[in-house]
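Visitor: This is the structure I want to talk about, given as structure tokens.
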Amino acid sequence: MPSSWSRIAVLLVPTLLVLAHALGFGTIELFQRLDDIYYDARLRLTMPRTLDERIVIVDIDERSLAAVGRWPWGRQVLAQLTHELMTRQQARAMAFDVSFPEPDGSSGYATLQRLARTVFAGDARFAQQVDALQATLDYDQVFAEALSGKPVVLGYYLTSDRGGYASGALPAPLLTVAQLGQRAAFVRYDGYGGNLPLLQDAAAGAGHMNPYSDVDGLIRRVPLLAQYHGALYPALSLALFRVLTDRPQVELAWAHGRLSALRLVQGTHEVDVPVSANGTTLIPYRGPAGPTGGSYRYYSAADVVQGKLAPGTLAGKVVLVGSTAPGLQDLRATPLSQAYPGVEIHANLLSGLLDGSIAHAPDYTLGFEVAE
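Residue numbers (the working numbering): 14 to 385.
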């Protein structure tokens, strides 16, 4: 239950912020810190703390790593996972909170191809035998075939590496900076870890997995659009939302000369998703996280891969594939927990997009920004 301190903070902090600003006290950093305290307290008071039945998480947990093997898994296993979810389980759509930038060489098929080009060059029979094995040993191709034609979204990550390191491929951007009628200071990155072009081309879409850490190290926001080399790329939750809703066009809405919302347009229907001036949006956390948190239902990836779920158990569900295993290092510090599963950040944001419950920044915050 929310504490009495949380209730007091929710009542007092907005008043203190407005008063301090009116009197000229404090710095922008102080106001932001007080705003974070207010947001955290309000969040604990207003979280629904209910189960979202639409979205489930397939967890690459410790049990899965013990049963299937250490990560990364062979792409043939991921193909099997995808096929099980999209065909036998009849999931509505799915997304991987993982990227696949490098080829999978675990089958030895690349070695056979190299031998065909070198040691056995000119041996037509050997070359034919190698070609015949592609359908079963080219695990990247097997995974691509499992993705093809299915509503499956891949993840990728953006980096602030000044050297501009890049691997794999990015999807086509939603917008370019040159297309914008007004200037916006989007969160900018210099590098990325994308997906193999073969996999990127086969998937229905892709979105970045980057959260946005505040100065206190906690994650309250995600860049719905992030900038890389003059182009704007969607977050994983937004990319999945667009696949679920027949790919609405993304436009920008402005207020007081600053970016205020992403406008999703489909025919004559428009929905505004509130964002800050840098394109980040508040994560509408539903409640405690994890398999016992009560916000989303969890299934062990091992049970899915091994076909232990009854057919249709996940029919009509939106599936996010991620990990709570500490060794895979996708546990994040949030206002709710110091070890919050990153996959649930995407789930919460997707819930908010589906419900239209993304919060606006408080009016006093906008006042501070305009007054800077």
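Note that the Cβ used here is the ideal one computed from N, Cα and C, for glycine as well.
On a CA-only basis, which of Asn291, Arg255, Val288 is nearest Gln279? Give me that one, please.
Guide: Selected option, being the one with the closest Cα: Arg255.
Visitor: Going by C-alpha distance, which of Leu47, Val90, Arg67 is nearest Arg310?
Guide: Comparing Cα-Cα distances from Arg310 to each of Leu47, Val90, Arg67, the minimum goes to Arg67.
Visitor: Give the straight-line distance between the Cα atoms of Leu295 and Tyr205, rounded to the nearest whole angstrom.
Guide: So the two alpha carbons sit approximately 23 Å from each other.
Visitor: Output the residue ranges of the alpha helix (DSSP H) runs that lie fully inside the region 239-308 and measure 4 residues or longer, sorted by chain position.
Guide: Counting only runs of 4 or more, we get 249-257.
Visitor: Mapping the DSSP letters down to three states, classify Ile232 as helix, strand or coil.
Guide: Three-state result, Ile232: strand.
Visitor: Which of the three DSSP states is assigned to Thr172 in this structure?
Guide: The answer is strand: DSSP assigns Thr172 an E or B state.
Visitor: So Ala182 and Pro210 are in contact, right, with Cβ under 8 Å, and what is the actual spacing, rounded?
Guide: Yes, Ala182 and Pro210 are in contact; Cβ-Cβ is about 4 Å, under 8 Å.
Visitor: Express the C-alpha separation of Leu251 and Val69 in angstroms, rounding to a whole number.
Guide: For Val69 and Leu251, the distance between alpha carbons rounds to 17 Å.
Visitor: Let's see if you can read the secondary structure: which residues bound the beta strand (DSSP E) around Ile68?
Guide: Note, Ile68: beta strand (DSSP E), 68-72.
Visitor: Evaluate Gly241 with the Cβ neighbour count: other Cβ atoms within 10 Å of its Cβ, from every protein chain shown; 16 or more gives buried, anything less gives exposed.
Guide: The sequence shown places Tyr at residue 241, not Gly. That one is buried.
Visitor: Indicate the three-state DSSP secondary structure (helix, strand or coil) for Arg55 in the structure shown.
Guide: In the structure shown, Arg55 sits in a helix (DSSP, three-state: H, G or I).
Visitor: So, with DSSP's three-state summary, where would you put Leu363?
Guide: Three-state DSSP puts Leu363 in a helix.
Visitor: Name the two residues that bound the continuous beta strand (DSSP E) containing Ala182.
Guide: Segment: none, Ala182 is in no beta strand (DSSP E) and carries neither H nor E.
Visitor: With respect to the beta strand (DSSP E) encompassing Val331, which residues constitute its N-terminal and C-terminal limits?
Guide: That run of the beta strand (DSSP E) goes 331-335.
Visitor: Is Tyr263 near Leu272, with beta carbons less than 8 Å apart?
Guide: Here the sequence assigns Val to residue 263, which means Tyr is not the residue at that position. No, these two residues do not count as a Cβ contact at 8 Å.
Visitor: Using alpha carbons as the reference points, say which of Ala239, Gly303, Pro116, Tyr298 lies closest to Leu275.
Guide: Looking at the Cα atoms, Ala239 is the closest of the given residues.
Visitor: Grab me the residues of Val155's own chain with a C-beta within less than 8 Å of its C-beta, minus the 5 sequence neighbours each way, in chain order.
Guide: Correct list, in chain order: Arg88, Gln89, Ala92, Ala148, Thr149.
Visitor: Count the other C-beta atoms from every protein chain shown that fall within 10 angstroms of the C-beta of Gln141, then say buried if there are 16 or more, exposed otherwise.
Guide: Exposed is the call here.
Visitor: Going by DSSP in three states, Leu379 sits in which element: helix, strand or coil?
Guide: For Leu379, the pLDDT reaches just 43, beneath the cut-off of 50, and the residue's location in the model is therefore unreliable, although a value from the coordinates is still provided. The answer is helix: DSSP assigns Leu379 an H, G or I state.
Visitor: Hey, which unbroken runs of the beta strand (DSSP E) at 3 residues or more fall wholly within the region 85-126?
Guide: Runs found: 106-109.
Visitor: Check the C-beta distance from Asp110 over to Gly355 and give it rounded, since I have them as a contact under 8 Å.
Guide: Between Gly355 and Asp110 the Cβ distance is about 6 Å, and since that is below 8 Å, they are a contact.
Visitor: Report the partner residues of Ala219 according to the DSSP bridge assignment.
Guide: DSSP lists Leu167 as partners of Ala219.
Visitor: If the criterion is Cβ atoms closer than 8 Å, does the pair Leu160 and Leu94 meet it?
Guide: No.
Visitor: Roughly how many angstroms separate the alpha carbons of Gly230 and Gln103, rounded to a whole number?
Guide: Spanning the two alpha carbons is a distance of roughly 39 Å.
Visitor: Residues bridged to Arg310 by DSSP?
Guide: DSSP output for Arg310 lists Val69 as bridge partner(s).
Visitor: Starting from Gly206, trace the beta strand (DSSP E) both ways and give me its first and last residue.
Guide: Unbroken beta strand (DSSP E) run through Gly206: 204-206.
Visitor: I'd like to check one pair, Ala108 with Leu362: are the Cβ atoms closer than 8 Å?
Guide: Going by C-beta atoms, Leu362 is not nearer than 8 Å to Ala108.
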